[in-house]
Amino acid sequence: MFGLLKKLFGTHQSRLLKDYWRLVPKINTWEVKYQKLSDDELSHKTIEFKERLAKGESLDSLLPEAFAAVKNVCRRLCGTEVHVSGYDQKWDMVPYDVQLVGAIAMFHGSIAEMQTGEGKTLTASMPLYLHALTGKPTHLVTVNDYLAKRDCEWIGTIFRKLGLTVASLTNDVHPFQRKEVYAADIVYGTSSEFGFDYLRDNSMASHKNEQVQRGHYFAMVDEIDSILIDEARTPLIISGPVGESRQMYDDLKEGVSELVRKQRDYCNRLATDARKSLESLGLFDAEPKKITKEAESAFKKLWLVSKGTPNNKVLKRIKEDPDLRAQLDKWETYYFGDANKDEKFAALSDLYMVVDEKNSEYELTDKGIKSWVGGADDFTMLDLGHEYLLIDESEKTEEEKMQAKVLLREEDSKRKERSHNLRQMLRAHLLMEKDIDYIIQEDKIVIIDENTGRPQPGRRFSDGLHQAIEAKEGVSIQGETQTYATITLQNYFRLYTRLAGMTGTAMTEANEFKEIYKLQVLEIPTYRNCARKDLDDEIYMTEREKYNAILKEVKEIHATGRPILLGTESVEISEKLARILKQNKLEYTILNAKNHEHEAQIIADAGKKGAITLATNMAGRGTDIKLKEGVRELGGLHVIGTTRHNSRRIDRQLRGRSGRLGDPGSSKFFVSFEDSLMRLFASPRMTALLQRFRPPEGEPISAKVLNKSIETAQKRIEQRNYTIRKHTLEYDDVMNKQRQEVYAFRNEVLFAEKSIPIVEEILETVSKQIIEENPTNPTEALGNHFPITFKDEKSEKDLVEKVGAGFQQKLIFQRQLLSSFRPELNDAEKSQNVLQEVIRNLMSRKLDSLWQEHLLHIDHLRSDVHMRTVGQKDPLLEFKHESFSLFERFSRHLREEIAQDLFKFEMMPQPTPQAPKLKRAPELIQGG
Ligand code: ADP
Ligand code: MG
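In our numbering, the protein residues as written are 11 to 938.
Written as C-alpha cells, this is what we have:
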C-alpha cells in the first residue's frame, strides 16, 4: 500500500521532470543562436522580451529565450574578472542542463531540491530574470547578509549585463535608502529584512512616501527549509514597552524556588536510598544480576525519581547498564498498563510535580498545590458567571453592584496573570536548562538556538517565559513588552503572487511543504553521480565511549591526510570536542562565532589537506567546501556527525557537505544512548535489544535494528514539531486575516487622493448605528457623541444629514483658522488640501493606537484560552471565536473614535511644514 503510493508520487515527479527536460534542447538551440549576437544586441533582448510581454505574450512562452539569454551571458562572462566579497574572481560558470531543469522547476513554483554544491545560486538567476521582466518586485531571499551581498555582486553581474538593476538589502541599509533598493528589478536580502520592512511600511510609515516596498510579486527563497521549517516558530515582532506592567515574577520567585527545591530534595533522598540498597546487593558489578524484592523496591523508587527529576545523576548511572535499565523499564511498562492506573496515580502523588520531558510538559500534584505558599487560589480561576449572579441577587444598589462587578473583573484578571506567571516560572525551573536552552551573558538571558546551537542575542522567549527564566536565574527582569506589529515568515511569504524555493534538503518535509504552503518538492538530478559513501552509524552505551570512538576515528582519518568536518549540535559540544582534540595535539579550526563572512572563509578552507574543522550545524551554510589539491586522490572530505539530530533533514545537510559535484567523500554518525534523542525516545524494546547485544566497554553496538529505531525516533520528533508549527500557524492565520484587513484599510487611508470622503462615510455609518441603537431618544444619544444641537429633526435621514453638516461647518471654521496664520493658504482648495492631510493623519494614528491595543488583547487572549483546556474546550476554537469578537469590537471603536475626533481637532500655528520622517522602529524583538 505504502509502496504503491510512493510509486504514484514517484511517477508524478518523473512526469514533471520529463516535461522539463523537453524544454532543455529548446533553450540550448536559442543559446547557440545568441552566440552570434553582439553584446549590445544580446542586452537588447531584455527590451524585446518586455515589449512582447506588454503585447500579451506569457512568461511561459518566453522561458526558453529568456533562459538562453542568461546562459549566453554566462558564456560571455567566462574568463572575465568579477568583483565579489572584496576580491576579483574569474567567472567560470555556464549553466549545466540539470541546472536548466532546476530553473524551470523553480519557475513553476516548485521547491527544487538540489544537493549542496550543485550551483543553486546560479540556477536561481534564470527564474529571477524571467520574472523580473514583468517589472514587478522580484526578490531573492538569502540566509544572511553576507550572502545577500555576495550573490548580488556575483550573480548580479548577469542581470546588469542584461540591462536590469540589482540591489542588496542588508541590515546596514539606512531606512532612507531602502526605497531605492526596492526600486531595483531584483533585490537580494534576508527574510527578516524583507519582513520587517513590510511591518514597518504597514504599521509605522505615516505617509505613503515613507513606505519602502513596492509590492510582492515573485520570491525565490534560498535554503527554504530553514525559513519555513526551522524558523517557523519565531515570528517577526516589532515591540516596545507596555504602558502598565502586570507581571508578578518578583513576587513569585522565592516560592517557586522553594517548591522546586522540595521536589529535588525529595528525589535526591529517594535516589540515594535506592543507590545504597543496590550497592549493598552488589547490583552495580555482580554478574549475573539477581533481582530480589529489595532490589525491586529500589527500582520503583528510581522510577519515581525519573518522573520528578529526569536528570538525576544516579538515574543516569543506572541507565548506562542495560540490565539495570531493563529493571527501570519494567516499572515504566507496569505503570503504563490501564489496570495499574490507580496505583500509578498513588505513587506519583508523593511527588510535588510530575515532569514529562518527552512532551516538554509538567503537572502539579495535589501535594504540590498544598505546599505552594500562595495557596490554592493561585490555581483556581473565578467562575465569573456565578459570581455575577451572586452580585445581582444581593441587596445592593445598582451603583454598588456595578462597582462590585468592576472589582471582580480586576481580581479575575490579576489572578489569571498571577497563575500564568506562576506556570511559566515552574516551566522555567523544570523544563528549561541553563547552558542548553539558554546561557547567561552580562546579566541577560540569551537563547540558544536549538537548530544551530548558537546564542541568539536580542531574541526573547515569548509569553513571559523569558521573564520567568530571568527571575529563576536572578538576573534583572526586563519589562513586559507589547507587540506593535507581528507576522510569521510563512504568512509574509504568502503575500507573494509567486513563490519558489531551493535547498539541498526538502524531501523529508515534502508533505509539510505541500500541505501548508502548497509547494511541491522536486528532486533535481545531480550533475554527476554522488560518490560519497554514507557509512553505518556507530552506537555506544555512553557519551564517554562515543567521544573516545570519535577521537579514534579523527586520528585514523587525519593520518591519511583527508580533511575532516565534525558537525555538532551545540556550541557547548563543539567546545568539548575542541578540548579533546587539543589534549591530543590535533590542530583544528572551530566555527561558532556569528560572523558569516569569516565563517564562509573557514568553511571554504575546510577542504584543505589535513584540515580538521569543527562546526555547529548551520555554520557557513550557503558556502560550499571545495576540495583542494591532492585531496580528491586521498578520498575527499570525511564528515563526522557527533550525534543524530532531532530531524533527519539536519543530518542530511551535514552529510551533504561532502561529495559535492561527484567528488569522492564519506560520512559517519556517532550516537550514544545518553544523547538527548536516545534518552527521550528509547523504548523498553530497545533496552531489551541492548541486553542481547551488549558489547564490552568501548565497543560499538552492532545491531542493524538500532539504525531503524533511531530513524523512528527522529520521525516521531519531526511529527511532533510539525504539529507545533502547524499550531503556531493556525493561530497566526486567525490574526493574518485581521492584519490584512487592517493593513489594507491603512493603505487606503495613506493612498487615497482625498481622505475627507472616507471620514464622511464613517460619520454616516456611526450616526446611523447610534440612531438604530437608541430608537427612543436618538437626538440625545447623538448629542452625547457629537457637539451638535438638534432642533426638530426626526427622520434618520435628517439626523444623519445634520451631523454631516456639523462636520462641514467644522471644516469651514478650521480652514478660516488656518488661513488666519498661514495667509498663503487663503484659498479654499489649498487649505482643503491641508485638511485632507490632517485628517489622513488623524485616522492613521487612531488606527495604529487601537490596533496595538487590540494586539495586546489578543496576546492576553492567547494565554487565556490555554487555561481553558481544563474545561475540555478546544483552545484554538475558543481563540478563533473570541478574537473575532475582539476584532468586531476593535472595528467599532475605531469608527466611533475617528468620528468623535473629527469634531475635536484644532489647527494650530506651526513654524514651517515639516518633511515627513520615518519613525525609527522601537526596539526590535524577534521572539517565539
Ligand atoms: P549550492 O548553493 O547549490 O550549494 P553554490 O551555488 O554555492 O551551490 O555553488 C557551488 C559551486 O559550484 C560554486 O563555487 C560555483 O562556482 C560552482 N558552480 C555552480 N554552477 C556551475 C557551473 N555551471 N559551472 C561551473 N561551476 C559551477
Ligand atoms: Mg547555496
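Positions of the beta carbon are idealized from the N, C-alpha and C atoms, including for glycine. All figures in this text were calculated on a predicted structure; none of them were measured in a lab.
By DSSP's criteria, Lys100 is part of a beta bridge. Which residues make up the other side? Lys100 is bridged to Glu91.
Residues with C-beta closer than 7 Å to any heavy atom of the ligand MG, in chain order: Counting every residue whose Cβ lies closer than 7 Å to a heavy atom of the ligand MG, we get Lys130, Thr131, Asp232, Glu233 and Gly632.
Kindly indicate which residue of Val813, Gln842 and Ala815 has the alpha-carbon position closest to the one of Leu827. Of Val813, Gln842 and Ala815, the residue nearest in Cα terms is Gln842.
Please state whether the Cβ-Cβ distance between Arg572 and Gly651 is less than 8 Å. Between Arg572 and Gly651, the C-beta gap is not smaller than 8 Å, which leaves the two residues out of contact.
Would you decide whether Ile560 is buried or exposed? Buried here means 16 or more other CB atoms lie within 10 Å of its CB. The Cβ neighbour count for Ile560, taken over all protein chains shown within 10 Å, is at least 16; the residue is labelled buried.
Other residues of its chain near Arg25: CB distance less than 7 Å, five sequence neighbours each side excluded: So no residue of the chain qualifies.
What ranges does the alpha helix (DSSP H) occupy inside the region 764-846, keeping only unbroken runs of at least 4 residues that lie completely in it? Runs found: 766-783, 788-795 and 806-831.
Would you say the beta carbon of Gln862 is closer than 7 Å to some non-hydrogen atom of the ligand ADP? Taking 7 Å as the cut-off, one finds no heavy atom of the ligand ADP near enough to the beta carbon of Gln862.
Assigned exposure category for Gln818 - 16 Cβ within 10 Å defines buried: The residue is exposed, with fewer than 16 neighbouring Cβ atoms inside 10 Å.
At least 3 beta-carbon pairs within less than 8 Å: the region 147-159 vs the region 225-235: Here the region 147-159 makes contact with the region 225-235; the two share three or more CB pairs at distances below 8 Å.
On a Cα-Cα basis, can you pick out the residue from Leu338, Ala305 and Leu293 that is closest to Val315? Minimum Cα distance to Val315 is reached at Leu338.
Simplified DSSP state of Leu361, which is helix, strand or coil: Leu361 falls in the coil class under three-state DSSP.
Exposed or buried, which one is Ala356 when buried takes at least 16 other CB atoms within 10 Å? By the neighbour-count rule (16 or more Cβ atoms within 10 Å), Ala356 is not buried but exposed.
Using beta-carbon positions only, say whether Val649 and Leu664 come within less than 8 Å of one another. Yes, the Cβ-Cβ distance between Val649 and Leu664 is below 8 Å.
Check Val222 in the structure and name its three-state DSSP category. It is coil, neither helix nor strand.
Where the beta strand (DSSP E) containing Gly651 begins and where it ends: From DSSP, the beta strand (DSSP E) with Gly651 extends over Leu647 to Gly651.
Between the region 244-252 and the region 512-532, can you find at least three pairs of beta-carbon atoms closer than 8 Å? No: fewer than three Cβ pairs fall under 8 Å.
Would the C-beta of Asp98 count as close to the ligand ADP, meaning under 7 Å from any of its heavy atoms? Taking non-hydrogen atoms of the ligand ADP into account, the C-beta of Asp98 is found less than 7 Å away from none of them.
Where does Glu162 land, buried or exposed, given buried means 16+ other C-beta within 10 angstroms? Reading off the sequence, residue 162 comes out as Cys, not Glu. Counting the other CB atoms within 10 Å of its CB gives Cys162 a total of 16 or more, which places it among the buried residues.
Whole-angstrom distance between Thr491 and Asp29, CA atom to CA atom: So the alpha carbons of these two residues sit roughly 53 Å apart.
Determine, using beta carbons only, whether Leu432 and Asp393 come nearer to each other than 8 Å. Pairing Leu432 with Asp393 gives a Cβ-Cβ distance that is not under 8 Å.
Does the beta-carbon of Thr319, which I'm using as the reference point, lie nearer than 7 Å to any heavy atom of the ligand ADP? It does not: the Cβ of Thr319 is nowhere closer than 7 Å to a heavy atom of the ligand ADP.
List the residues that DSSP assigns as beta-bridge partners of Thr491. Residue pairing from DSSP places Thr491 in a beta bridge opposite Pro251.
In terms of residue numbering, what span does the beta strand (DSSP E) encompassing Ala177 cover? Ala177 -> beta strand (DSSP E) spans Val176 to Leu179.
Please report the straight-line C-alpha distance between Gln824 and Ile849, rounded to a whole angstrom. C-alpha separation (whole angstroms): 12 Å.
Checking 8 Å against the spacing of the C-beta atoms, do Thr722 and Arg905 come in under that value? In this structure, Thr722 lies away from Arg905, with their beta-carbon atoms at least 8 Å apart.
Starting from the C-beta of Ile165, find all residues in its chain whose C-beta is less than 7 Å away, skip the five residues before and the five after it, and write them out in chain order. Within its own chain, the residues whose Cβ lies closer than 7 Å to the Cβ of Ile165, once the five positions on either side in sequence are excluded, are Thr131, Leu132 and Ser135, listed in chain order.
How close, in whole Å, do the beta carbons of Glu728 and Ser657 come, if the pair is a contact with beta carbons under 8 Å? Rounded to the nearest angstrom, the Cβ distance from Glu728 to Ser657 is 5 Å, consistent with a contact under 8 Å.
Go to Leu3, then tell me how far its alpha helix (DSSP H) extends in each direction, as first and last residue. Absent from the model: residue 3. The displayed extent of the chain is 11 to 938, so no value can be given.
Specify the secondary structure class of Asp884 as computed by DSSP and reduced to three states. Three-state result, Asp884: coil.
Examine the ligand ADP and report whether any of its heavy atoms sits within less than 7 Å of the Cβ of Gly571. Every heavy atom of the ligand ADP is 7 Å or more from the Cβ of Gly571, so no.
Would you say the beta carbon of Asp235 is closer than 7 Å to some non-hydrogen atom of the ligand ADP? Distances between the C-beta of Asp235 and the heavy atoms of the ligand ADP are all 7 Å or more.
Inter-residue Cα distance where the pair is Asp240 and Thr697: For the pair Asp240 and Thr697, the Cα-to-Cα distance works out to about 32 Å.
Gln750 - DSSP class collapsed to helix/strand/coil: Here Gln750 sits in helix by DSSP.
Endpoints, alpha helix (DSSP H) assigned at Leu566: In the sequence under discussion, the amino acid at residue 566 is Glu, which differs from the Leu named in the question. That run of the alpha helix (DSSP H) goes Glu553 to Thr570.
Quick one: Cα of Val191 to Cα of Gly173, how far? A direct Cα-to-Cα measurement between Val191 and Gly173 gives close to 16 Å.
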